[in-house]
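Written below as structure tokens is the structure these notes are about.
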Amino acid sequence: MTDPTVPVPPWASRLRDIADFPKPGILFKDIMPLLADGADFAAAIDAMVEPWRGAGLVAVMGIESRGFILGAAMARVLGVGFVPVRKPGKLPGRTLKQEYTLEYRTDSIEVHADALPPGARVLIVDDVLATGGTLLAALSLAQQLQVEVVGAAVLVELAGLGGRERWDANVPLLANLVY
Ligand code: AMP
174 MTDPTVPVPP
184 WASRLRDIAD
194 FPKPGILFKD
204 IMPLLADGAD
214 FAAAIDAMVE
224 PWRGAGLVAV
234 MGIESRGFIL
244 GAAMARVLGV
254 GFVPVRKPGK
264 LPGRTLKQEY
274 TLEYRTDSIE
284 VHADALPPGA
294 RVLIVDDVLA
304 TGGTLLAALS
314 LAQQLQVEVV
324 GAAVLVELAG
334 LGGRERWDAN
344 VPLLANLVY
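So the sequence shown is numbered by our numbering: it starts at 174 and just counts up by one.
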């Protein structure tokens, strides 16, 4: 944690580091052990949800695929809708697309063009913020949809990779754990 004044929640011990996945040099933050424990999964979701209670959200936009798990659980707790942001070619209806650059290639994500009405208040959710390209692409998709992005929530921020610096400073970005 970068901020020693913020206590580390007990469920944080359920996250594990897996070296060299999916390729050499990447230290992968694996949330699967957290998801597998009912009490700790619930505690993590409650912690992610807490700042957004009363924010007047209409929906959570979750990013494929671990953002689906966290985002859908958060949406259920908040009693709001869930809109999947998917990898290309997965959504059956007409889509909006946003390309983004990864280390050696470009990728893209999509959302249904009619997923939400313009002005709907949404929260963007993913599991890990690394270089920020994915979250920023989701923000661009939301802007194409003309919804109002109230904020973004990630369980884990990898602070050394510059994601927060790339993010739009006008939109609150909250991380429960910062490494
Ligand atoms: P980025 O676009 O670089 O911020 O990468 C964020 C996306 O890639 C998220 O959807 C994460 O699930 C995944 N990701 C990137 N780096 C890691 C990591 N070290 N551990 C786990 N997931 C990661």
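Idealized CB from N, CA, C, for every residue including glycine.
Go through its chain and collect everything with a Cβ distance to Trp-184's Cβ below 7 Å, but skip five positions before and after it.
Within the same chain, Trp-184 has close Cβ partners Leu-207, Asp-213, Ala-216 and Ala-217.
In the structure shown, what three-state DSSP assignment does Phe-194 receive?
coil
Any non-hydrogen atom of the ligand AMP closer than 6 Å to Leu-302 Cβ:
yes
Considering only C-alpha positions, which residue in the set Arg-249, Leu-318 and Ala-232 is nearest to Leu-269?
Distances from the CA of Leu-269 to each of Arg-249, Leu-318 and Ala-232 were compared; the closest alpha carbon is that of Leu-318.
Opening and closing residue of the alpha helix (DSSP H) in which Glu-338 lies
336 to 339
Mind checking who Pro-257 pairs with in its DSSP beta bridge?
Gly-235
The beta strand (DSSP E) with Ile-204 in it runs from where to where?
Note, Ile-204: premise wrong, no beta strand (DSSP E); not H, not E.
Pro-290 versus Val-320 - alpha carbon distance
7 Å
State whether the segment 280 to 298 contacts the segment 329 to 338, with contact taken as three or more CB pairs (one from each stretch) at a distance under 8 Å.
With the cut-off at 8 Å, the segment 280 to 298 and the segment 329 to 338 do not touch.
Does Gly-211 come out as helix, strand or coil in the three-state DSSP assignment?
Residue state for Gly-211 is assigned as helix, using DSSP reduced to three classes.
Exposure of Val-181, with buried meaning 16 or more beta-carbon neighbours within 10 Å:
Val-181 comes out exposed.
Could you tell me whether any non-hydrogen atom of the ligand AMP is closer than 6 Å to the CB of Phe-255?
no
Residue of Asn-349, Arg-239, Lys-263 and Ala-326 minimising C-alpha distance to Val-284:
Lys-263
What is the residue span of the alpha helix (DSSP H) that Leu-188 lies within?
No alpha helix (DSSP H) contains Leu-188, which DSSP labels as neither H nor E.
Any non-hydrogen atom of the ligand AMP within 6 Å of Thr-307 CB
The answer is yes for Thr-307.
Assess contact between the segment 293 to 300 and the segment 194 to 201, defined as three or more Cβ pairs (one per stretch) separated by less than 8 Å. Is contact present?
no
Do you know how far the Cα of Val-344 is from the Cα of Val-322?
7 Å
Run through the segment 274 to 339 for me and flag every whole alpha helix (DSSP H) of 4 or more residues, listed as ranges in chain order.
306 to 318 and 336 to 339
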